[in-house]
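Numbering (the working numbering), first residue to last: 201 to 787.
Below is one structure; the comments refer to it alone.
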């Protein structure tokens, strides 16, 4: 079809005029309305840039260029989308018109089966009508909306890509929130996702309309409609950033109990991408080079040290694995090897010291609980554990590693009763995907406390690797940490979250499963909450605060404590075994 045969747009209010009385009024006052609504200016741009009759992709490309809009982040967004199959994209609505044009052009260039649910007002542009499924958000009961919903279902059932702006109207200043954001999101995208099992990708558009737009909107909301077209002409050289986290599958969505919660979760995933609230970790204080890892300890030396340990320090056996504990003066070769393996493991988490091994003065005073594989003659994992009653009697709080990181008040548990300070845990890479490593360490801890039942409380930190996005750590901080006053971080974690996210957290009683969906939605590699954090949560841990460990490559650590006798009975049976009842009955 020649360009002359293609539909062209008549950008005048009077072009909608019918022969009714209202139509006559539109014809008479059309020129005035065209000027008032900015349509006259649109018509000039349309004609001067020869947009009439263009193919939809050529039309949108040329229109965006004529308006001077600069779009950033397109490639990153496209990389998050599936190349085929049903999918829903949801976006915030900060401008009212231009974002529909941007997303239509971008996604259609990637997938020709893209459809955008859009305001019926965009019907005025005949060249691009094929992009859209039209609806009327200002009249929810309009018949066109029923038709639009049916078209959306059909498009997804045909494995198409569907874009929805759930707010239905432009973002505006909300007095109760004291900020500009979308209004309440429509639940249609969630309902479509549930019924079609379509994954959803939330995309965030940066920026907003002018101050004048929002000031007039506060006077009378209809003024926003009058100003929409005018706002597009203020975008010359204006950068609009697009950003998206990971695609959300239906299983993640169903971690929330209601359609309303699911809808709010998607909205939060969108606003988590606001660049104004993104930060990066401080520059690592690494040495200019990493020292070569120290030489491994001789297996014969380790075996000799283990055979010399008292029998009670040989805690448990499982297949070729055995769990032991000891002190540096008893097992210097084992502790040397543990420090070497710690450095290797921590380097993979961007936490290595850069030294030949990860060691400090506390290795000499803390107990080391570790797993030895007799078949392969190697240590596969360990915990460094401080017995606070012993350490405090030998020099006070300065003898505790975590006293370097936290200000412990006299009321904190480590000064109220004998505790075990847990830290420096690791499992070597070859065993990190196996269930037995962490389980054996915890069975070893269980066996040790059964031998020493006066230890009722464990406390320590879960290292939140800087491989995590700061937003993930901020979410953990807001959702997991209790409001406590008996301990403070010397160097607190200073993360920030978008106010929309903070409101969501405050209004919902989020469980760890919902926190998991938030974090896997953010992390570029889809990683989940640290497995050790999940382990402590299952034990009923109290999470106190997050601090920065300046002695461990500026790594954030989440301080927690576990009242072991109050842990779930199922886990106590697993870790304490047949000694459980005797441990619990200890006076």
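Where a beta carbon is used, it is the ideal one built from N, C-alpha and C, also for glycine.
{"Query": "Can you have a look at residue 518 and say buried or exposed, based on whether 16 or more other CB atoms are within 10 angstroms of its CB?", "Result": "exposed"}
{"Query": "Which residues in the same chain as residue 368 place their Cβ atom closer than 7 Å to its Cβ, once the five residues preceding and following it in sequence are excluded?", "Result": "337, 386"}
{"Query": "Could you check how far apart the C-beta atoms of residue 700 and residue 468 are, in whole angstroms? I think they sit under 8 Å.", "Result": "6 Å"}
{"Query": "Go to residue 529, then tell me how far its beta strand (DSSP E) extends in each direction, as first and last residue.", "Result": "Taken as a continuous stretch (DSSP letters only), residue 529 belongs to no beta strand (DSSP E), as it is neither H nor E."}
{"Query": "If you measure between the beta carbons of residue 676 and residue 715, is that distance less than 8 Å?", "Result": "yes"}
{"Query": "Does the beta-carbon distance from residue 554 to residue 490 come in below 8 Å?", "Result": "yes"}
{"Query": "How long is the line joining the alpha carbons of residue 580 and residue 657, rounded to whole angstroms?", "Result": "26 Å"}
{"Query": "Any chance the region 688-702 sits against the region 617-624, with 3 or more Cβ pairs inside 8 Å?", "Result": "no"}
{"Query": "With distances taken from CA atoms, which of 267, 601, 455 is nearest residue 248?", "Result": "267"}
{"Query": "Buried or exposed for residue 201, going by 16 or more other Cβ atoms inside 10 Å?", "Result": "With a pLDDT of 47 at residue 201, under the threshold of 50, the modelled position of this residue cannot be trusted; read the value that follows with caution. Residue 201 should be labelled exposed."}
{"Query": "Mind checking who residue 399 pairs with in its DSSP beta bridge?", "Result": "For residue 399, which the question treats as bridged, DSSP gives no partner whatsoever."}
{"Query": "Can you name the start and end residues of the beta strand (DSSP E) that residue 761 belongs to?", "Result": "755-763"}
{"Query": "Quick check on residue 399: buried or exposed, where buried means 16 or more other Cβ atoms within 10 Å of its Cβ?", "Result": "buried"}
{"Query": "Kindly indicate which residue of 731, 404, 729 has the alpha-carbon position closest to the one of residue 271.", "Result": "404"}
{"Query": "Please name the residue, chosen from 727, 641, 306, 556, that lies closest to residue 774 on a Cα-to-Cα basis.", "Result": "641"}
{"Query": "For residue 779 and residue 650, what's the separation of their Cα atoms in angstroms?", "Result": "6 Å"}
{"Query": "Less than 8 Å between the beta carbons of residue 750 and residue 666, yes or no?", "Result": "no"}
{"Query": "List the endpoints of the continuous alpha helix (DSSP H) containing residue 593.", "Result": "588-593"}
{"Query": "Would you report the Cα separation of residue 527 and residue 741, rounded to the nearest angstrom?", "Result": "27 Å"}
{"Query": "Quick check: the region 418-430 against the region 360-379, are at least 3 beta-carbon pairs closer than 8 Å?", "Result": "yes"}
{"Query": "Exposed or buried, residue 698, counting other C-beta atoms within 10 Å across all chains shown (16 or more means buried)?", "Result": "buried"}
{"Query": "What did DSSP end up calling residue 390 once you bin it into helix, strand or coil?", "Result": "helix"}
{"Query": "What residue does the alpha helix (DSSP H) around residue 432 start on, and which one ends it?", "Result": "422-432"}
{"Query": "Can the beta-carbon of residue 440 be found closer than 8 Å to that of residue 647?", "Result": "no"}
{"Query": "Looking at chain B, is there any beta carbon in it that lies within less than 8 Å of the beta carbon of residue 306?", "Result": "Going by chain labels, chain B is absent from the structure shown, which holds only one protein chain."}
{"Query": "Quick one: complete alpha helix (DSSP H) runs, 4+ long, within the region 616-654?", "Result": "636-651"}
{"Query": "Which full runs of the alpha helix (DSSP H) of 4+ residues lie inside the region 424-508, going along the chain?", "Result": "450-453, 459-471, 499-508"}
{"Query": "Quick check on DSSP: helix, strand or coil for residue 690?", "Result": "coil"}
{"Query": "Work out the CA separation of residue 662 and residue 506 for me, nearest whole Å.", "Result": "29 Å"}
{"Query": "For residue 201, name the three-state secondary structure that DSSP assigns.", "Result": "For residue 201, the predicted model reports a pLDDT of 47, less than 50, meaning its position is unreliable and no value from the coordinates is stated."}
{"Query": "Write down the C-beta distance between residue 361 and residue 470 rounded to the nearest angstrom, noting that I regard them as a contact closer than 8 Å.", "Result": "That pair is no contact at about 17 Å."}
{"Query": "So what does DSSP say about residue 570, is it helix, strand or coil?", "Result": "strand"}
{"Query": "Between residue 504 and the rest of its own chain, which residues show a CB-CB distance below 6 Å, the 5 nearest in sequence each way excluded?", "Result": "none"}
{"Query": "In chain order, which alpha helix (DSSP H) runs of at least 4 residues are fully inside the region 680-756?", "Result": "699-707, 712-722, 731-738"}
{"Query": "Classify residue 384 as helix, strand or coil using the three-state DSSP reduction.", "Result": "coil"}
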